[in-house]
Amino acid sequence: MKTVVLLAVTCQLALMAPRNIPHVPDVVFPPVPEDARLSSDQLRVLSETNQDPEVQPGLFQGDMALTNDMYDLWRVGLRWDVAPERKWRNNTVHYVISPLYDTSDYVTIYKAILTLNFLTCIKFVPWDGKAKDFLLIWPIKYPQGCWSYVGRFGGPQILSLQPPNAMSANCLGGEGRSIHELLHALGIFHEQSRADRDQFVDIHPENIISEFRVNFNKESLENTTYSFEYDYESIMHYGQFYFSKGKGQPTITPKKKGVKLGQRTAMSHTDCLKINDLYGCLDKSMYHRRKYYTLCKFMGL
Ligand SMILES: [Zn+2]
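Residue numbers -16 to -1, 1 to 285, in mature numbering (1 follows the signal peptide of the UniProt record, and there is no 0), belong to the letters of the sequence shown in order.
Below you can see the structure in the form of structure tokens.
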């Protein structure tokens, strides 16, 4: 049964794939803000310390590609009044999933897209070969790992998901990491960088590889637009050992007992509300408000 579903989905996707996909090189150079740029030694440390695949790319906070302009604005990533050009027009995101993925990886990514289409009013649609702005979901060889630009950048925009290998499931052990990177592409930052995070979590600088302490900086209070409570279980929250010097040395721990930090399984209830709020899905009409509030209620249970 599973094989039949996979085959059906693959055939459907193959039919939808446009023919004029731009050439994507194995090695790309996503922008990294000057202040956050790593030396080759630092990049070597990352590759030698067995880090999470969202840490490996060596981009800003691990997995976010930003220009200097964006870095100056990054604390206001969610404010469309400040950076309106970063919002996807008409709530529509055209995408291409690389034909280099094998069928099961392709389906994992497709499930992440279907999930966002179902739970939000954002429409991910296969690229028609004409739209100027679109996501190229691609297994980039360098930087490796899972990474994305934040918000719409204009033109073809890479979202990198490294396929599994003999060592690790990398970014495609389930659809969670695809959803995490897709949420970055929609304009969402990491939960633990919120201005108010010190009320909820402790950061342990002594356990963080020193070059990467900057990745635990906070956003400024004036510019944040979060109207939701701190979300320990967010799919956008770092795990306890991100950028850790070694096994068993947590870099971030919750102040509240019994909660787990971050996960890459599915959007939490708050993630679901947050993305719907960001793209105006809750304000479109009373019908939409009820619909998305109801759908989000089922998340994180
Ligand atoms: Zn991330």
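Heads up, the beta-carbon is just placed ideally off N, CA and C, and yes, glycines get one too.
When the alpha-carbon of F184 is set against those of Y133, V243, Y94, the nearest one is in V243. DSSP places D112 outside both helix and strand once states are collapsed to three, so it counts as coil. One Cα belongs to V198, the other to C280, and the distance between them is close to 33 Å.
For F102, the uninterrupted alpha helix (DSSP H) run begins and ends at 87 to 103, by DSSP.
Secondary structure at V134: coil, using DSSP grouped into helix, strand and coil.
Bridge pairing for P140: F118 [DSSP]. Under the DSSP assignment, Y79 falls in the beta strand (DSSP E) whose first and last residues are 76 to 81.
Taking one beta carbon from each stretch, the stretch 215 to 233 and the stretch 70 to 82 have fewer than 3 pairs nearer than 8 Å; the two do not touch.
Restricting attention to H78, F282, Q141, the CA atom closest to the CA of I124 is found in Q141.
Using a Cβ-Cβ distance cut-off of 8 Å, the stretch 214 to 224 and the stretch 168 to 180 are in contact, since at least three pairs of beta carbons, one from each stretch, lie closer than that value. DSSP lists no bridge partner for M220. Residue L119 holds the alpha-carbon nearest to the alpha-carbon of P110 among T104, L103, F102, L119.
Look at D47 here: in three-state DSSP terms it is coil, with no helix or strand label. Residue environment analysis places M48 among the buried positions, since at least 16 neighbouring C-beta atoms fall within 10 angstroms of its C-beta. Per DSSP, the beta bridge partners of S228 are I192.
Cβ atoms of G138 and G171 stay farther apart than 8 Å, at about 14 Å. Taking a contact as a CB-CB distance under 8 Å, the pair G46 and Y226 counts as one, their CB atoms being some 7 Å apart.
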